[in-house]
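Have a look at the structure below before the remarks.
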Amino acid sequence: MAIPLAYNLRNLSARKVSTVLTALGIGLVSWVFIFTLALAGGFQSALQATGSPTNAIVIRNGSTAELTSIVARDAAASIESQPEIARAPDGTPLATHELVVLWNLKRKNGTPANVVVRGVTAKSVALRPKIHLVEGRMFRPGLEEVVVGKLAQARIAHCALGDRIKLAGRQWSIVGVFDAQGTAFDSEIWGDVELFMPVFDRPVYQSVTLRLDEPSHFGALRKRLEADPRMSVQVKHEDEFYAAQSATLAALLRGLGLFVTLVMALGAIFGALNTMYAAVGSRTKEIGTLLALGFSRGSILTSFLIESVLLATLGGLLGSLMTLPVNGITTSTMNFASFSEIAFRFQVTPSMLLSGMIFAAVMGALGGFFPSRKAARRVIVEALREA
Amino acid sequence: MASENGTLIHLRDVHKVYYRDRIEVPVLQGINLDVHEGEFLALMGPSGSGKSTLLNLIAGIDAPTKGEVRVAGESLGTLKPSRLAAWRARHIGFIFQLYNLIPVLTAYQNVELPLLLTRLSSRERKKRVLFALGLVGLEGRAKHFPRQLSGGEEQRVAIARAIVADPTLLVADEPTGDLDAKNAAEILTLLKRLNEELKKTVLMVTHDPHAAERAHLIYHLDKGVLQS
Chain A
1 MAIPLAYNLR NLSARKVSTV LTALGIGLVS WVFIFTLALA GGFQSALQAT
51 GSPTNAIVIR NGSTAELTSI VARDAAASIE SQPEIARAPD GTPLATHELV
101 VLWNLKRKNG TPANVVVRGV TAKSVALRPK IHLVEGRMFR PGLEEVVVGK
151 LAQARIAHCA LGDRIKLAGR QWSIVGVFDA QGTAFDSEIW GDVELFMPVF
201 DRPVYQSVTL RLDEPSHFGA LRKRLEADPR MSVQVKHEDE FYAAQSATLA
251 ALLRGLGLFV TLVMALGAIF GALNTMYAAV GSRTKEIGTL LALGFSRGSI
301 LTSFLIESVL LATLGGLLGS LMTLPVNGIT TSTMNFASFS EIAFRFQVTP
351 SMLLSGMIFA AVMGALGGFF PSRKAARRVI VEALREA
Chain B
1 MASENGTLIH LRDVHKVYYR DRIEVPVLQG INLDVHEGEF LALMGPSGSG
51 KSTLLNLIAG IDAPTKGEVR VAGESLGTLK PSRLAAWRAR HIGFIFQLYN
101 LIPVLTAYQN VELPLLLTRL SSRERKKRVL FALGLVGLEG RAKHFPRQLS
151 GGEEQRVAIA RAIVADPTLL VADEPTGDLD AKNAAEILTL LKRLNEELKK
201 TVLMVTHDPH AAERAHLIYH LDKGVLQS
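Written out as structure tokens, the structure is:
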């Protein structure tokens, strides 16, 4: 049987100051680690949730984002007449053609931001069931009215209900605020596509989004549209399209975050190393006694390693608790795929907290290994002689 | 455990040399010793005479430079470290001058330590720990930490820890060296009782002639040479 856990727990409690300082150091690293995951996760989740698996999006062949896509009016009409498209209650195809422009607006703090201004049709909301108005009403076609996403309203100046915002040299009334449940649409401004086209001087749409009548019909639709030489388009599942847009930046955020975390982790590991060396140094005689009583060197190694891991896990727990307040906080970043600002919420999930704890435990194991090995290798007679 | 003629400890031509700054320091020189089961032996001698070194060799926590150390039927030089650790757990009960209790464990937990190396159930361990604490008169102090005990009480807890696993041999290194006269006398009486009532073989290192008087046999070590 191993050395009792009470031995390690009480030793940690007996050295309160070094225990707390080391745990705080590890906790801070753990916090940065979870924070990074929550940042990347929140961003990715916002974009991934933007698309629906039952929808398909059609953009120009070779484009990776709506901004770089063009779909001509006649091509859009042809796409919307395909037989695989689901029908609205009135029998019309459940499809929308949209225009997307980036417009430079001021944030509430005065800094500039590229905001997605989307020209939509009456079907756009029906195709995105997550979206619903929370304030005001929908814009009326043909009028200089827009509705804004909830996060755009929160971050962009002059986006409150009743405000007027200047776009393409005209003043637009904010007549409604919609909630897109944390998706990328929450950062957008929507208005009438047919009015936007002349105002923004765009003779073409950027995309066509449609609801499939049967998910299994996607292949046939894609095959036909992508084979049509007049259109030169590509057809994608809407959820996969948005997920792909998030991949680059999410990977970059994770990579940068992990680099910073690893640099900090080195410091924390040295902290744990120092603490555990001090623990081993101050308990040399106890180690000698335990070895003399018959505990194996493996038991001593394991016991000190467990102590180091317990100490680090305590730090991980502190880090996790410190991360909880950022959960749900809204921030924004530039989406590299669209060069537009996307607001999203930090998303701290149980698996991230678990990852943070495991990361902390690994730091503890790394920091505790050499001191533990030193403890296990003590010569019994010399250890017993220590004061 | 002992050989056919009842010899528990058998040392032949045992030498121990330490090196200090590459200078050879002989500590034990050609020690021959036989101790029979149930004996109470005192090892005396001035500081640096090699008493504790000899005790450590017999207890299996140090190795001779030359010679054979056979205790409880095992030639200790042939045992691998892991087997030697298990052998110590089975055969040796340690009593140290400064008690060597684990400060963060209670008296009960300190006494239980050697039993954690056995296959006993927690119920059986509890029974044995309380018996050992009762034997040293500290059943009421089971939940106390070492810092809450007097020196004499700490040494009695250490003795309870030494006997709880029913070892073959008790080795005591200056067990009264840190105690006042009254407590020292109590500890020696306790050791004597363990020897007489529980038939434990006791090997005690001491420089106190009064302590040595409790033993059946007294050996003197002088400059690493054993003299009876």
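Residue numbers (the numbering used here), protein chains in the order written: chain A, 1 to 387; chain B, 1 to 228. Beta carbons are placed, not taken as given, at the ideal position from N, Cα and C, and that holds for glycine. Quick caveat: nothing in here was measured; it's all calculated off a predicted structure.
Going by other Cβ atoms of all chains shown within 10 Å of its Cβ, with 16 needed for buried, is residue i buried or exposed?
i: Ile306 of chain A; result: buried
i: Ile329 of chain A; result: exposed
i: Val25 of chain B; result: exposed
i: Ala180 of chain A; result: buried
i: Gly51 of chain A; result: buried
i: His97 of chain A; result: buried
i: Lys106 of chain A; result: exposed
i: Gln405 of chain A; result: The structure shown has nothing for residue 405 of chain A, since chain A only spans 1 to 387.
i: Val134 of chain A; result: exposed
i: Thr78 of chain B; result: exposed
i: His91 of chain B; result: buried
What are the boundary residues of the alpha helix (DSSP H) that residue i is part of?
i: Lys16 of chain A; result: 16 to 48
i: Val193 of chain A; result: 193 to 199
i: Arg88 of chain B; result: 81 to 91
i: Arg170 of chain A; result: Run containing Arg170 of chain A: none in the alpha helix (DSSP H); it sits in the beta strand (DSSP E), 170 to 179.
i: Tyr108 of chain B; result: 107 to 112
i: His210 of chain B; result: 209 to 212
i: Asp74 of chain A; result: 73 to 79
Grab me the residues of residue i's own chain with a C-beta within less than 7 Å of its C-beta, minus the 5 sequence neighbours each way, in chain order.
i: Leu324 of chain A; result: Val348
i: Leu33 of chain B; result: Ile9, Leu11, Leu226
i: Ile57 of chain A; result: Ser207, Thr209, Lys236, Glu238, Phe241
i: Leu127 of chain A; result: Asn55, Leu94, Thr96, Thr209, Arg211
How about residue i: is its C-beta nearer than 8 Å to some C-beta of chain A?
i: Pro26 of chain B; result: no
i: Gln155 of chain B; result: no
i: Ser47 of chain B; result: no
i: Val104 of chain B; result: yes
i: Arg70 of chain B; result: no
i: Pro64 of chain B; result: no
i: Arg88 of chain B; result: yes
i: Ala185 of chain B; result: no
i: Ala85 of chain B; result: yes
Using alpha carbons as the reference points, say which of the options lies closest to residue i.
i: Ala184 of chain A; options: A:Ile79, A:Gln245, A:Asn327, A:Arg385; result: A:Gln245
i: Val100 of chain A; options: A:Ala88, A:Gln82, A:Thr121, A:Arg87; result: A:Thr121
i: Asn274 of chain A; options: A:Gly367, A:Gly298, A:Pro215; result: A:Gly367
i: Ile380 of chain A; options: B:Arg22, B:Leu41, B:Ala59; result: B:Ala59
i: Pro46 of chain B; options: B:His216, B:Pro209, B:Leu217; result: B:Pro209
i: Thr333 of chain A; options: A:Arg15, A:Pro112, A:Ile57, A:Ala2; result: A:Pro112
i: Tyr7 of chain A; options: B:Leu194, B:Gly152, B:Pro103, B:Lys127; result: B:Pro103
i: Ala14 of chain A; options: A:Leu195, A:Ala279, A:Ala38; result: A:Ala279
i: Ala158 of chain B; options: A:Phe339, A:Phe200, A:Ser340, A:Leu290; result: A:Leu290
i: Leu84 of chain B; options: A:Lys285, A:Arg297, A:Phe339; result: A:Arg297
i: Leu311 of chain A; options: A:Ala292, A:Val20, A:Asp213, A:Val29; result: A:Val20
i: Glu226 of chain A; options: A:Ala38, A:Ala272, A:Asn61; result: A:Asn61
i: Gln48 of chain A; options: A:Leu258, A:Arg373, A:Ala243; result: A:Ala243
i: Leu317 of chain A; options: A:Asn109, A:Phe369, A:Val29, A:Arg10; result: A:Val29
i: Phe178 of chain A; options: A:Val233, A:Leu293, A:Lys130; result: A:Lys130
i: Leu130 of chain B; options: B:Arg22, B:Asn110, B:Leu149, B:Leu117; result: B:Asn110
i: His144 of chain B; options: B:Leu101, B:Glu74, B:Leu41; result: B:Leu101
Tell me which residue opens and which closes the beta strand (DSSP E) that residue i is part of.
i: Leu221 of chain B; result: 217 to 222
i: Thr331 of chain A; result: 330 to 335
i: Thr96 of chain A; result: 95 to 106
i: Val117 of chain A; result: 112 to 120
i: Met44 of chain B; result: 40 to 44
i: His13 of chain B; result: Contrary to the premise, residue 13 of chain B reads as Asp rather than His in this sequence. Taken as a continuous stretch (DSSP letters only), the beta strand (DSSP E) holding Asp13 of chain B covers 7 to 20.
Consider the Cβ of residue i: report whether some Cβ of chain B lies at a distance smaller than 8 Å.
i: Gly294 of chain A; result: yes
i: Ile269 of chain A; result: no
i: Thr289 of chain A; result: yes
i: Tyr277 of chain A; result: no
i: Pro215 of chain A; result: no
i: Arg378 of chain A; result: no
i: Glu386 of chain A; result: no
i: Glu307 of chain A; result: no
i: Val381 of chain A; result: yes
Using a Cβ cut-off of 9 Å, pull out every chain D residue sitting near residue i, in sequence order please.
i: Ser82 of chain B; result: Protein chains in the displayed structure are A and B, and chain D is not among them.
If you drop the 5 nearest sequence neighbours on each side, which residues of the same chain put their C-beta closer than 8 Å to that of residue i?
i: Thr313 of chain A; result: Met357, Ala360, Ala361, Gly364
i: Val260 of chain A; result: Val32, Thr36
i: Pro64 of chain B; result: Val14, His15, Lys16, Leu28, Leu57, Gly77
Excluding five sequence neighbours on each side, which residues of the same chain lie with their C-beta closer than 6 Å to the C-beta of residue i?
i: Gly42 of chain A; result: Phe344, Arg345, Phe346, Gln347
i: Leu188 of chain B; result: Ala211, Arg214
i: Arg254 of chain A; result: Ala40
Taking 7 Å as the cut-off, is the CB of residue i close to at least one heavy atom of the ligand GTP?
i: Thr289 of chain A; result: With respect to the ligand GTP, the structure shown offers nothing to examine, as it has no ligands at all.
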